[in-house]
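Asker: Mapping the sequence shown onto full-length UniProt numbering, position 147 (from 1) lands on 147, and the numbers just tick up by one.
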Amino acid sequence: MTTIRILTGDSVGAVLDDLARLRITVFRDWPYLYDGDVEYERDYLSAYQSPGAVVVAAYDGERMVGAATGAPMEHHAGDFSAAFAGRPEPLEEIFYCAESVLLPEYRGAGLGHAFFDGREDHARALGRRYSAFCSVMRPADHPRRPLDYRPLDDFWRKRGYEPLPGVIAEFDWKDIDAQETSRKPLQFWMKRL
Numbered sequence: 001m002t003t004i005r006i007l008t009g010d011s012v013g014a015v016l017d018d019l020a021r022l023r024i025t026v027f028r029d030w031p032y033l034y035d036g037d038v039e040y041e042r043d044y045l046s047a048y049q050s051p052g053a054v055v056v057a058a059y060d061g062e063r064m065v066g067a068a069t070g071a072p073m074e075h076h077a078g079d080f081s082a083a084f085a086g087r088p089e090p091l092e093e094i095f096y097c098a099e100s101v102l103l104p105e106y107r108g109a110g111l112g113h114a115f116f117d118g119r120e121d122h123a124r125a126l127g128r129r130y131s132a133f134c135s136v137m138r139p140a141d142h143p144r145r146p147l148d149y150r151p152l153d154d155f156w157r158k159r160g161y162e163p164l165p166g167v168i169a170e171f172d173w174k175d176i177d178a179q180e181t182s183r184k185p186l187q188f189w190m191k192r193l
């Protein structure tokens, strides 16, 4: 049976290695194609020990099988908050629902909803008025795109999110078949809480 744990502050530090391994495993697949390493991941994930951040973790017994991260937008990567320049919503009113990762054998059981519910509840408790996340933009004809790939757009729309036209962040990472990092565009989606 899968259980959900809401982790904040010091409790996040205890799960950084598990979360790093999970992200490396899940993000190797489409559409991220991420060639990650634990050292980089631990450094990146340490930001989720900051005030206002949350990790919504799914466990099968004591094994972490999925997780979703979130933080106040103004505390996240500058590349992400810069995408909102010119938007009417103040960064201090936006909660950034960062990554969600879930092992394939646990998908389709409602954990995606639990991940969003946990982060949105946390955002409301912080007094945030908006929830936002971004999705990787890959060309439809990308050679690594699986033939049976189904985007999550319908799931996100059912949760009340809509893409924000022109609100695109860029972030660097190394693809699994690349020698160096490259910049990737990410489309922001948002909803009012």
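For every residue, glycine included, the Cβ atom is placed at its ideal position computed from N, Cα and C. Computed from a predicted model, the values in this text were never measured in an experiment.
Does the contact criterion of 3 or more C-beta pairs under 8 Å hold for the region 68-85 versus the region 122-135?
Answerer: At 8 Å Cβ cutoff, the stretches touch.
Asker: Please classify E89: does DSSP put it in a helix, a strand, or coil?
Answerer: Coil, per DSSP.
Asker: With a threshold of 8 Å on Cβ separation, who are the neighbours of A114 within its own chain once the five nearest residues in sequence on each side are excluded?
Answerer: Here the set comprises I4, V56, A58.
Asker: Ignore the nearest five residues each way along the sequence and tell me which others in W30's own chain have a CB closer than 7 Å to its CB.
Answerer: Cβ neighbours of W30 beyond the five flanking positions: R144, R145, P146, Y149.
Asker: For D79, collect the residues of the same chain with a Cβ closer than 7 Å to its Cβ; drop the 5 residues on either side in sequence, then sort them by chain order.
Answerer: The answer, listed in chain order, is A169, E170, F171.
Asker: Give the single residue among D177, Q179, L164 whose Cα lies nearest to the Cα of M190.
Answerer: Of the candidates D177, Q179, L164, the one whose C-alpha sits nearest the C-alpha of M190 is L164.
Asker: If you drop the 5 nearest sequence neighbours on each side, which residues of the same chain put their C-beta closer than 6 Å to that of R42?
Answerer: Cβ neighbours of R42 beyond the five flanking positions: L16, A20.
Asker: In angstroms, rounded to a whole number, what distance separates the CA positions of D154 and A82?
Answerer: Roughly 27 Å separates the two Cα atoms.
Asker: If we count the other Cβ atoms within 10 Å of its Cβ and call it buried at 16 or more, is F112 buried or exposed?
Answerer: Here residue 112 is Gly; the residue named in the question, Phe, does not match the sequence. Classification of G112: buried, given that the 10 Å Cβ count is 16 or more.
Asker: Are the Cβ atoms of R119 and C97 separated by less than 7 Å?
Answerer: Yes, they are a contact pair.
Asker: Which of the three DSSP states is assigned to Q187 in this structure?
Answerer: Strand at Q187.
Asker: So what's L33 in DSSP terms, helix, strand or just coil?
Answerer: Coil.
Asker: Let me check understanding here. Comparing Cα to Cα, which of E74, P151, D117, E92 lies closest to R129?
Answerer: For R129, the nearest C-alpha among the options comes from E92.
Asker: Assuming D18 contacts M64 (C-beta within less than 8 Å), just tell me the rounded distance between them.
Answerer: Rounded, the Cβ-Cβ distance is 4 Å, consistent with contact.
Asker: Am I right that L22 and V101 are in contact with their C-beta atoms under 8 Å? What's the rounded C-beta distance?
Answerer: With a Cβ gap of about 5 Å, L22 and V101 count as contacting.
Asker: Can you name, in chain order, every residue of its own chain whose Cβ lies under 7 Å from the Cβ of G52, other than the five neighbours on each side?
Answerer: Within the same chain, G52 has close Cβ partners A71, P72, H75, L126.
Asker: With respect to the beta strand (DSSP E) encompassing E162, which residues constitute its N-terminal and C-terminal limits?
Answerer: Taken as a continuous stretch (DSSP letters only), the beta strand (DSSP E) holding E162 covers 162-174.
Asker: Helix or strand or just coil, what does DSSP make of S135?
Answerer: DSSP places S135 in strand when its eight states are reduced to three.
Asker: Quick check on the DSSP output: the alpha helix (DSSP H) that includes A125 runs from which residue to which?
Answerer: Its alpha helix (DSSP H) spans residues 111-125.
Asker: Spell out whether any CB of chain D is found under 7 Å from the CB atom of R107.
Answerer: Absent here is chain D; the protein component of the structure consists of one chain.
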